[in-house]
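The sequence shown lines up with residues -19 to -1, 1 to 260 when you count with mature numbering (1 follows the signal peptide of the UniProt record, and there is no 0).
Heads up, the beta-carbon is just placed ideally off N, CA and C, and yes, glycines get one too.
Bear in mind that the values here come from a model prediction, so they are computed numbers and not experimental data.
Below is one structure, written out as structure tokens; the observations come after it.
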Amino acid sequence: MKKIFYPLLFCIVSQWVVAQTCCQLPSANATFAQFAEDKEFQMSHLLPLPYTHISEVGKDITFKAADGTDAYAYELKAKQKSNKFILVFHEWWGLNDYIKKEAEKIYNDLDGKVNVIALDLYDKKVATTREEASQFMQSAKKERIEAIIQGAFSYAGKKAVFGTIGWCFGGGWSLQAAILAEKQAKACVIYYGMPEKDVERLKKLKAEVLGIFAGRERWISPAVVAEFEKNLQMLKKSYSLQSFDAEHAFANPSNPNYNQEATQKAYQLTISFFRKKML
């Protein structure tokens, strides 16, 4: 009897494990990381031109991540003490000087009234080739990035309120950071990042969302955006999703051939949104 029972039990347990695994959806950012293997996706990101950002305001900083290790960022402090912070999430290249430049542009266009912190999700690694960017994005660990984000929350303080913004890889993490911040998050800007598909997780989102998407791309496709909007509507979240007649990465700060017209319109929407929600 025992000889029959144990193999039968093993088969039942094995089938249950397989069923559970099949039913589990990959996280939004894990799904996006898979794009890194797509040659067309890689080629859609033009190599950044050489650039060195010089600033009298911005400083590289080190702070403690939630796991107790050092984390890194680029910070522009508000001209007067403020509990308002905008967290900036870089593209797949890493925290390069173009992201620092964009962070300072946002800071200036908000009149220096908000602290702006561009987080380094790659721990001081910056890609200069598509191959490096692909490798860095694929090897970025969810647990590590969340520890960096939680560390930034602690650095800002318990009374801090947050806006978030990111492009591509960083667009997805902009949304995830807003979810993690819960009631402390007031505004979330997503530039063609992977939306969260887990409705239970999306329920935790308290921030209003501005989504900027590219109508002519096949990764964060119109169908993906439509599903995201459906979920936001179902959950009665506050949002505005804008689609531009452009390709993926059309507004990336590091893109040497960015779509100027679409980028300017999207940026105007972004600054107006942050002014409304953060000032």
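Cβ of residue i within 8 angstroms of Cβ of residue j?
{"i": "I126", "j": "L102", "result": "yes"}
{"i": "Q223", "j": "I193", "result": "yes"}
{"i": "G138", "j": "N64", "result": "yes"}
{"i": "V38", "j": "L68", "result": "no"}
{"i": "A17", "j": "S115", "result": "yes"}
{"i": "P176", "j": "A14", "result": "no"}
{"i": "F255", "j": "L100", "result": "no"}
{"i": "G153", "j": "G132", "result": "no"}
{"i": "H26", "j": "A232", "result": "no"}
{"i": "C149", "j": "E72", "result": "yes"}
{"i": "I80", "j": "P234", "result": "yes"}
{"i": "M259", "j": "G144", "result": "yes"}
{"i": "S36", "j": "E85", "result": "yes"}
{"i": "V95", "j": "W74", "result": "no"}
{"i": "residue 336", "j": "A128", "result": "The chain is shown from -19 up to 260; residue 336 falls before or after that span and cannot be answered."}
{"i": "G93", "j": "K60", "result": "yes"}
Between the C-alpha atoms of residue i and residue j, what's the straight-line distance to the nearest angstrom?
{"i": "N238", "j": "D41", "result": "28 angstroms"}
{"i": "Y220", "j": "L191", "result": "6 angstroms"}
{"i": "E198", "j": "D179", "result": "22 angstroms"}
{"i": "L30", "j": "K184", "result": "40 angstroms"}
{"i": "Y32", "j": "E210", "result": "37 angstroms"}
{"i": "A227", "j": "D51", "result": "38 angstroms"}
{"i": "residue 298", "j": "N240", "result": "With the chain covering only -19 through 260, there is no way to say anything about residue 298."}
{"i": "K218", "j": "K167", "result": "12 angstroms"}
{"i": "A141", "j": "Q165", "result": "7 angstroms"}
{"i": "V206", "j": "F70", "result": "20 angstroms"}
{"i": "F66", "j": "A54", "result": "13 angstroms"}
{"i": "S120", "j": "T244", "result": "29 angstroms"}
{"i": "A247", "j": "D78", "result": "21 angstroms"}
{"i": "T109", "j": "I201", "result": "24 angstroms"}
{"i": "L250", "j": "A188", "result": "16 angstroms"}
{"i": "residue 266", "j": "Y172", "result": "It is not possible to answer for residue 266, since the shown part of the chain is limited to -19 through 260."}
{"i": "E112", "j": "F22", "result": "12 angstroms"}
{"i": "K62", "j": "T43", "result": "20 angstroms"}
{"i": "D48", "j": "A159", "result": "20 angstroms"}
{"i": "H34", "j": "K257", "result": "29 angstroms"}
Let's see if you can read the secondary structure: which residues bound the beta strand (DSSP E) around residue i?
{"i": "E72", "result": "First-last for E72: undefined, no H or E at that position."}
{"i": "F143", "result": "V142 to W148"}
{"i": "A166", "result": "A166 to Y172"}
{"i": "F194", "result": "E189 to A195"}
{"i": "A232", "result": "Taken as a continuous stretch (DSSP letters only), A232 belongs to no beta strand (DSSP E), as it is neither H nor E."}
{"i": "I98", "result": "N96 to L100"}
{"i": "I35", "result": "Segment: none, I35 is in no beta strand (DSSP E) and carries neither H nor E."}
{"i": "residue 283", "result": "For the chain, the structure presents residues -19 to 260; residue 283 sits outside this window and is missing."}
{"i": "E242", "result": "Premise fails: E242 lies in the alpha helix (DSSP H), Q241 to M259, not in any beta strand (DSSP E)."}
{"i": "A54", "result": "D51 to L57"}
Grab the span of the alpha helix (DSSP H) containing residue i for me, first residue to last.
{"i": "V206", "result": "P203 to M215"}
{"i": "V180", "result": "V180 to L183"}
{"i": "Q223", "result": "It is not in any alpha helix (DSSP H) - Q223 instead sits in the beta strand (DSSP E) that spans Y220 to F225."}
{"i": "F22", "result": "K20 to M24"}
{"i": "F13", "result": "A9 to A14"}
Buried or exposed: where does residue i fall if 16 or more other Cβ atoms within 10 Å of its Cβ makes it buried?
{"i": "E163", "result": "exposed"}
{"i": "K20", "result": "exposed"}
{"i": "A204", "result": "exposed"}
{"i": "N89", "result": "exposed"}
{"i": "Q157", "result": "buried"}
{"i": "A11", "result": "exposed"}
{"i": "L76", "result": "buried"}
{"i": "L186", "result": "buried"}
{"i": "residue 299", "result": "Missing from the structure shown is residue 299; the chain here goes from -19 to 260 and no further."}
{"i": "M24", "result": "exposed"}
{"i": "I98", "result": "buried"}
{"i": "L28", "result": "exposed"}
{"i": "R182", "result": "exposed"}
{"i": "G151", "result": "buried"}
Does the beta-carbon of residue i, which I'm using as the reference point, lie nearer than 7 angstroms to any heavy atom of the ligand GDP?
{"i": "A168", "result": "Because no ligand of any kind appears in the structure shown, any question about the ligand GDP cannot be addressed here."}
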